[in-house]
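Quick note on this note's numbering: the sequence shown kicks off at 39 and runs consecutively.
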Amino acid sequence: MTETPDIHDAASHLVITDPLDLLLRLIACPSVTPEEAGALALLEAELTGLGFSVTRLRFEGDGSYPVDNLFATRGQGSRRLLFAGHTDVVPPGDLAHWTTDPFTPRIADARIYGRGAADMKSGIAAFIAACAQIPANAGTIQLAITNDEEADAINGTEKLIRWMRANGHHFDFAIVGEPSSAETLGDSIKIGRRGSFSGKVTVTGMQGHVAYPHKATNPLPILAAAATALATQPLDNGSEHFPASNLELTSIDVGNTIANVIPASGSLRFNIRYNDSWTPETLTDWVHARLATLPVDGCTIAFEILGTPSRAFLSPLGADIDMLARTIADRTGKLPQYSTGGGTSDARFIAQYGPVVECGLVGTTMHKADEHISLSDLAGLTAIYSDFMKAFFTSARS
């Protein structure tokens, strides 16, 4: 009978990938959504060199731009671990606010500067460097990398994960390398995210002269009442792992620049960040119920959902999340907080197929000028990923 090689012994014979070198090369790719600018080709070459089978996929349609994506897999049997991330970055903005060119990586004061350093090319570099420390026979490692997370997110991770399932690629646990840490490396991991639901309410009356209000129907008092009805009614008091849902008005528009004209219509827009007590369907019912309490006074009220709502999700707590938390604590000296804060991420698409957490670097500079991370945090995240994979694959034999 042949014994299964010990992961730790086998790892000592592997070629090491330098996460810093890989990150510097990734930052140098100006991959503003949806232009991948060579970032995926760079990853393909790196992963192929580590023994991964790489598939490039281009998705398009559904009212959005075409997007390049990458799927890589190595190993077979045992347990299956998925890492997901994105190579696309937000535009750098006004270059006058940057110390140097945002796509020319710079190291200063033990920090790496450049667009995408924090969000989230560092997570990808750390995970691939960690993979280099894991023997191919340890288990199955998969990577799902998109170049469409920062914008529409239509032809990216959602379709990529769907393609994986259709082609027989499953996973037992997934990590998204988003910058999940709040202040120090590993102080929190995200076990879920709130959903996002945007809507528009339009009130239509009849235009007329302000001196003859009886010959017009002013929609603005009803619009104001709609704003009050939506914004002053609490949705809930929170749930076990989430804060209270909240609705924020984002605009009230009339488009009337004439002082003596009663406008024909007006509209308001809002966004709801909601917890796991709600779904887009129940929120739609709630909005309709609130609007139904308003007196119409000859006006009509219309409601429409804007865009595609993002669903709230909560990964089931269990042994793998606890294992990740202990791995982090072994490196940092403190267990991470289980968080559901922040906006949305591509983890919402992955959560439909299996347990997923977000575990990455500190994100305080993401999307800012002079975006940066610390060298020590990059090394620390690489070690956390490597330690977790060793524990994750070893646990299959326990």
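Here a beta-carbon is modelled for each residue, glycine too, at the ideal position from N, C-alpha and C.
Asked                                                                                                                                                                                             : Found
Does the Cβ-Cβ distance between T195 and F351 come in under 7 angstroms?                                                                                                                          : no
Just to confirm the assignment, what range does the beta strand (DSSP E) spanning F97 have?                                                                                                       : S91 to G99
State the DSSP-derived secondary structure class of F430, mapped to helix, strand or coil.                                                                                                        : helix
Identify, in the order they occur along the chain, each residue of the same chain with its Cβ nearer than 6 angstroms to the Cβ of A110, setting aside the five sequence neighbours on each side. : L85, F90, V92 and L181
With distances taken from CA atoms, which of T338, E278, G293 and G215 is nearest T378?                                                                                                           : E278
Check the DSSP bridge columns for R112 and list the partner residues they point to.                                                                                                               : I179
Below 7 angstroms between beta carbons: does that hold for E396 and E216?                                                                                                                         : yes
Assign P374 to one of three DSSP states: helix, strand, or coil.                                                                                                                                  : coil
In the DSSP assignment, what are the bridge partners of D106?                                                                                                                                     : R96
Quick one: measure Cβ to Cβ for I411 and S160, integer angstroms, because I've assumed they're closer than 8 angstroms.                                                                           : 5 angstroms
Let me check understanding here. Comparing Cα to Cα, which of T322, R349 and M244 lies closest to D335?                                                                                           : M244
The beta strand (DSSP E) spanning T240 covers which residue range?                                                                                                                                : G233 to T242
Within this structure, are the beta carbons of S283 and Y312 separated by less than 7 angstroms?                                                                                                  : yes
List the residues that DSSP assigns as beta-bridge partners of R307.                                                                                                                              : K238 and S289
Taking all protein chains shown into account, do 16 or more other C-beta atoms lie within 10 angstroms of the C-beta of P333, making it buried, or fewer, making it exposed?                      : exposed
What is the DSSP secondary structure of Y423, reduced to helix, strand or coil?                                                                                                                   : helix
Check L58 in the structure and name its three-state DSSP category.                                                                                                                                : helix
Please report the straight-line C-alpha distance between A122 and N185, rounded to a whole angstrom.                                                                                              : 11 angstroms
Since R144 is in the beta strand (DSSP E), which residue starts that stretch and which ends it?                                                                                                   : R144 to A146
Helix, strand or coil: how does DSSP classify G230 here?                                                                                                                                          : strand
Using 8 angstroms as the threshold, is the region 256 to 263 in touch with the region 290 to 301, meaning 3 or more CB pairs across them?                                                         : yes
I'd like to know if the region 146 to 166 and the region 417 to 428 are in contact, where contact means that at least 3 CB-CB pairs between them fall below 8 angstroms.                          : yes
Indicate whether F211 and L119 have their beta-carbon atoms separated by less than 7 angstroms.                                                                                                   : yes
Roughly how many angstroms separate the alpha carbons of N256 and I296, rounded to a whole number?                                                                                                : 14 angstroms
Quick one, which of L223, D132 and D157 has its alpha-carbon nearest L472's?                                                                                                                      : For the chain, the structure presents residues 39 to 436; residue 472 sits outside this window and is missing.
Would you tell me roughly how many angstroms separate the C-alpha atoms of R231 and W324, rounded to the nearest one?                                                                             : 21 angstroms
Under the three-state reduction of DSSP, which class applies to F280: helix, strand or coil?                                                                                                      : coil
I need the straight-line Cα distance from T42 to G76, nearest angstrom please.                                                                                                                    : The predicted position of T42 is uncertain, since its pLDDT is 44 and thus under 50; no value can be drawn from it.
Would you mind sorting T137 into buried or exposed? The rule is 16 or more other CB atoms within 10 Å of its CB.                                                                                  : exposed
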